[in-house]
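To keep things clear, I will list the structure first and then write my remarks on it.
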Amino acid sequence: MESMAKLLLVEDEPKLGKAIRKDLSEHGYALEWAYDGRIAESLIRGSKYDLVLLDINLPHINGLELCRRIRSADADVPIIMLTALGGLEDKMEAFRSGADDYLVKPFHLTELLARVKVFLKRSQVDRNYDDKFQVADLEIDFAHKTVSRAGQPMTLSAREFALLALLARSRGRVVSKQEIAEKVWDMDLGASTNTIEVYINFLRNKIDKPFEQKLIHTKPGFGYFLKPLE
Ligand code: CA
Numbered sequence: 000m001e002s003m004a005k006l007l008l009v010e011d012e013p014k015l016g017k018a019i020r021k022d023l024s025e026h027g028y029a030l031e032w033a034y035d036g037r038i039a040e041s042l043i044r045g046s047k048y049d050l051v052l053l054d055i056n057l058p059h060i061n062g063l064e065l066c067r068r069i070r071s072a073d074a075d076v077p078i079i080m081l082t083a084l085g086g087l088e089d090k091m092e093a094f095r096s097g098a099d100d101y102l103v104k105p106f107h108l109t110e111l112l113a114r115v116k117v118f119l120k121r122s123q124v125d126r127n128y129d130d131k132f133q134v135a136d137l138e139i140d141f142a143h144k145t146v147s148r149a150g151q152p153m154t155l156s157a158r159e160f161a162l163l164a165l166l167a168r169s170r171g172r173v174v175s176k177q178e179i180a181e182k183v184w185d186m187d188l189g190a191s192t193n194t195i196e197v198y199i200n201f202l203r204n205k206i207d208k209p210f211e212q213k214l215i216h217t218k219p220g221f222g223y224f225l226k227p228l229e
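Below, the structure is given as structure tokens:
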């Protein structure tokens with residue numbers, strides 16, 4: 000299944016674009032390549048991709064703006080930003096725009112390939128669940144990857160959804176940062192503690208902030224759990 004995945008690369012540097020296209024197609028991925036934001040947007044309107052690799056500095060439409068547009072059209076598609084801007088604020092801006100991951104140039108193609116595999120594997124795994132989950136007035140539909148609270152639909156990025164899904168499937172059990180790092184990021188806990196906290200905050204802002212009853216809780220020193228507290 001994984002090898003049949005259809006990817007969109009949005010990159011205006013010919014040399015890098017060619018190298019990525021060569022590498023990914025050698026590994027069995029179908030890749031379409033857009034050189035600018037406008038072409039990318041029309042491709043996205045016209046077909047469904049399994050993953051998007053998105054440069055930030057692009058002609059016509061900036062990658063961050065494009066990311067927001069892609070996200071509003073497709074809440075699920077994993078988006079990996081490729082950019083020379085490696086500062087924390089740049090990363091936060093990318094995540095706020097709906098990106099799931101962020102790769103700073105120059106990167107190794109093997110690293111890009113590894114991340115692509117992780118995201119495609121995860122969406123494959125997620126597809127194997129077709130159940131629904133409800134806690135208090137929060138509803139998660141794993142099959143359609145939709146989330147609503149008190150009947151209001153919410154838009155989560157793929158990463159936010161994966162994090163919420165992990166908490167939900169743990170049914171109130173405390174989930175450690177280590178487990179979150181492994182299951183949501185497929186990596187050992189290194190410098191990513193901060194990233195996990197940032198994502199928990201994103202989730203809280205969407206799931207809990209507008210509501211009186213809080214569902215996402217922190218057990219200091221242990222991790223997080225999803226549960227209505229009495
Ligand atoms: Ca560029």
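The sequence shown lines up with residues 0 to 229 when you count with numbering that gives the first Met the number 0. We put the CB at the ideal spot given by N, CA and C, even for glycine.
For residue i, the three-state DSSP class (helix, strand or coil)
{"i": "residue 230", "result": "Residue 230 is absent from the structure shown; the chain starts at 0 and stops at 229."}
{"i": "residue 98", "result": "coil"}
{"i": "residue 60", "result": "coil"}
{"i": "residue 5", "result": "strand"}
{"i": "residue 169", "result": "coil"}
{"i": "residue 179", "result": "helix"}
{"i": "residue 0", "result": "Note that residue 0 scores 36 on pLDDT, short of 50, meaning its location in the model is unreliable; the coordinates nonetheless yield the value given after this. Of the three classes helix, strand and coil, the one that applies to residue 0 here is coil, per DSSP."}
{"i": "residue 218", "result": "strand"}
{"i": "residue 223", "result": "strand"}
{"i": "residue 117", "result": "helix"}
{"i": "residue 21", "result": "helix"}
{"i": "residue 49", "result": "coil"}
{"i": "residue 12", "result": "coil"}
{"i": "residue 91", "result": "helix"}
{"i": "residue 31", "result": "strand"}
Endpoints, beta strand (DSSP E) assigned at residue i
{"i": "residue 152", "result": "151–153"}
{"i": "residue 199", "result": "Per DSSP, residue 199 belongs to no beta strand (DSSP E); it is in the alpha helix (DSSP H), 192–206."}
{"i": "residue 78", "result": "78–82"}
Contact test: residue i Cβ vs ligand 1 heavy atom, cutoff 7 angstroms
{"i": "residue 53", "result": "no"}
{"i": "residue 35", "result": "no"}
{"i": "residue 11", "result": "yes"}
{"i": "residue 102", "result": "no"}
{"i": "residue 57", "result": "yes"}
Interface flag, residue i vs chain B, CB-CB below 8 angstroms
{"i": "residue 172", "result": "Reference to chain B is not applicable here, since this structure consists of a single protein chain."}
beta-carbon residue i near ligand 3 non-hydrogen atom, thresh 7 angstroms
{"i": "residue 89", "result": "Here the bound small molecules are ligand 1; ligand 3 is not part of this structure."}
Distance between beta carbons of residue j and residue i, contact taken as under 8 angstroms
{"i": "residue 100", "j": "residue 121", "result": "Actually they are not in contact, since the Cβ atoms of residue 100 and residue 121 sit about 11 angstroms apart, beyond 8 angstroms."}
{"i": "residue 43", "j": "residue 72", "result": "7 angstroms"}
{"i": "residue 148", "j": "residue 136", "result": "6 angstroms"}
{"i": "residue 165", "j": "residue 174", "result": "6 angstroms"}
{"i": "residue 39", "j": "residue 65", "result": "6 angstroms"}
{"i": "residue 49", "j": "residue 119", "result": "6 angstroms"}
{"i": "residue 35", "j": "residue 58", "result": "4 angstroms"}
Extent of the continuous alpha helix (DSSP H) to which residue i belongs
{"i": "residue 146", "result": "No alpha helix (DSSP H) contains residue 146, which is instead part of the beta strand (DSSP E) from 145–148."}
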